[in-house]
Amino acid sequence: MRARDIGITDVNPANFGGTFSFFGVTGAPVLDANNQPIPGETANISSLEQYRRTLIGAPGGGASQFSLNAGNPLAKINLADIGLYATDDWRVLPNLTISMGLRYEAETHVHDLTDFGPRVALAWSPKTQKGATPKIVVRAGAGLMYQRPGTGFFLQAAHFNGTNQQQFIINDPTFFPTVPPLASLEAGQQPITTWHFDAGAHVPTGLASVLTLERQLPAKTTVSANWVHFHGTHFITTVNVNSPMPGTYNPADPLSGVRPYGSAAGNIFDYEPVGIVNQDQMWVEVNSKPNSKVSITANYQASWSSDDFTQGPVSNPYDIRQDYGRSPWNRRNNFTLLGTITGPYKIQWSPYVIAASGNPYDLTIGTDLYGTTVANARPAFATDLSRPSVVITRFGAFDTDPMPGQTIVPRDYLTGIPMWNINMRVSRTFPIGKLKNKSGETRMKLNLNVDVNNVLNHLNQGGWVGNLSSPLFGQSTAVNLFRDTSNNRRIQLGMLFSF
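Position in the sequence shown (first residue = 1) + 17 = my numbering.
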């Protein structure tokens, strides 16, 4: 069994100074050389262009949103949970073992008391004689598992419960660039944004199935093939449940729309257990040690993962499945190669090679189409290229003002370029003195080594911009730090004395 009690005291004064945000504008006027609108012509204006217009006071300017946090930055939470687990192995035959287990979990902040997780697995070695080392092993298993909600959900809800700390989000503010005093926001009865976690929610649940085949080969080589399938439900998703109802909101008027709980209630971000995950992974690994001087491990993994729960609020609160798409972390192909080779003069060469497909990233309009106060709406696949809202890119043609019946682009539709890296460690160990231990090895040793990350200094690009309203759309803005070894070339010298 396991019993835990977690207490967190958190001081978070973030955004107490206020933030102005500039979104891309759908249907903004096209300006002539004198910064005057051209009648009948509209376009999607980037945040930078809109900011420039704000500075010169031209039409279509002004901040899109202002946010400010106020009140008590201190929040405290306490969370207790318990887990009970029982398991038993049954050797049905000398070459067949069945394992069964049952786990139960419960915690204080979620009133779901039905989290029983049964598991079953087997290990089978066909054609294995008694007392002999099996050359083939087949393992299979399945289990129902639960993921405890992270403390971040409860901490956010404790901070912004509407009384401890207030969060003001104002669309289309007219006071840019002056930050209004808190007293004026309160006196103007500006709606407060609140965050909630439903205590009656079901915790994230997943059914995992695993199949593994291991085979002994000549030359001290082992190969294993693995497959994992995972289907998850009830994953925590953030939904603005007081967003304007469908058909009542006009993006050109951020104050429009009929809200279920009324405009005075403000934005209500609710953590809801409605997200789903579907994942399949397959990997093959080869381990070989043909002699005392060579040891090599190679691993290839293919992954397919899709979900509809996001780190931020969903784009369309009335169609959560619209966010179903590739998982942002999912790289289709992954390969690693590492080993140790002892060459002349007892010098050890340890290569480490990694390669992976590009990571998915989201394609967004850069504006708020649904009144959620979050500019994460995605375009539709264009069906009429004559519409002024259509943007043609090297990735295809997209409509930034989707019409009924058009297909919305799936989440994480775009893919960055692949990454690869070659790393190397070179070392030499020198014995010192003649004293030996019980194994016959010299007691004192001095190891000199050189570690080189990114031997070829290959640039792995990251930070891809998927915002159609950005002038940097489709470009890389950062180095891809997929792993510690994917940064710029780094050479490290080391010395280790052991005795």
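Don't be surprised by glycine CBs; every beta carbon is placed ideally from N, CA and C.
Around the CB of residue 185, 16 or more other CB atoms lie within 10 Å, so the residue is classed as buried.
Its Cα nearest to that of residue 235, the residue 304 stands out among 304, 427, 483 and 371.
In the displayed model, residue 400 falls within coil according to three-state DSSP, outside both helix and strand. With fewer than three CB-CB distances shorter than 8 Å, the region 412-423 does not count as touching the region 332-345. If you ignore the 5 residues before and after residue 335, its C-beta comes within less than 7 Å of the C-beta of 263, all in its own chain and listed in chain order. Contact between residue 25 and residue 172 is confirmed by a C-beta separation of about 6 Å, below the 8 Å threshold.
Within the region 430-491, the complete beta strand (DSSP E) segments at least 3 residues long are 436-453, 459-470 and 478-481, listed from N- to C-terminus. By alpha-carbon distance to residue 106, the top candidate from 119, 95, 98 and 97 is 119. Ranking 469, 20, 316 and 217 by CA distance to the CA of residue 97 puts 20 first.
Bounds of any alpha helix (DSSP H) do not take in residue 214; it lies within the beta strand (DSSP E) bounded by 209-214. Annotation: residue 375 to residue 391 spans about 26 Å, alpha carbon to alpha carbon.
36 is the residue among 441, 36, 117 and 483 whose C-alpha sits nearest the C-alpha of residue 192. The beta carbon of residue 101 is closer than 6 Å to those of 18 and 121 in its chain, skipping five residues each way along the sequence. Here residue 287 is buried. Its C-beta has 16 or more other C-beta atoms within 10 Å.
Among the bridge pairs identified by DSSP, residue 134 is matched with 120.
Residue pairing by DSSP places residue 378 opposite 431 in a beta bridge. Annotated three-state conformation of residue 281 is helix, per DSSP. Here residue 369 carries a strand assignment [DSSP, helix/strand/coil]. Put simply, the backbone Cα of residue 366 is about 53 Å away from that of residue 39.
Where residue 168 is concerned, the enclosing alpha helix (DSSP H) starts and stops at 168-176. The three-state reading of DSSP puts residue 419 in coil, since its state is none of H, G, I, E or B. By the neighbour-count criterion, in which 16 or more other beta carbons inside 10 Å mark a residue as buried, residue 326 falls on the buried side. For residue 401 against residue 394, the beta-carbon gap comes to about 19 Å, at or over 8 Å, which does not count as contact.
Taking C-beta atoms as the reference points, residue 436 and residue 373 count as a pair closer than 8 Å. In this structure, 220 is the residue among 359, 220 and 314 with its C-alpha nearest to the C-alpha of residue 292. A direct Cα-to-Cα measurement between residue 424 and residue 399 gives close to 9 Å. The beta carbons of residue 260 and residue 369 sit about 48 Å from each other, so the pair does not count as a contact at 8 Å.
Residue 183 and residue 284 have their C-alpha atoms spaced approximately 12 Å apart. Residue burial is scored here from C-beta neighbours: residue 251 has at least 16 other C-beta atoms within 10 angstroms and is therefore classed as buried.
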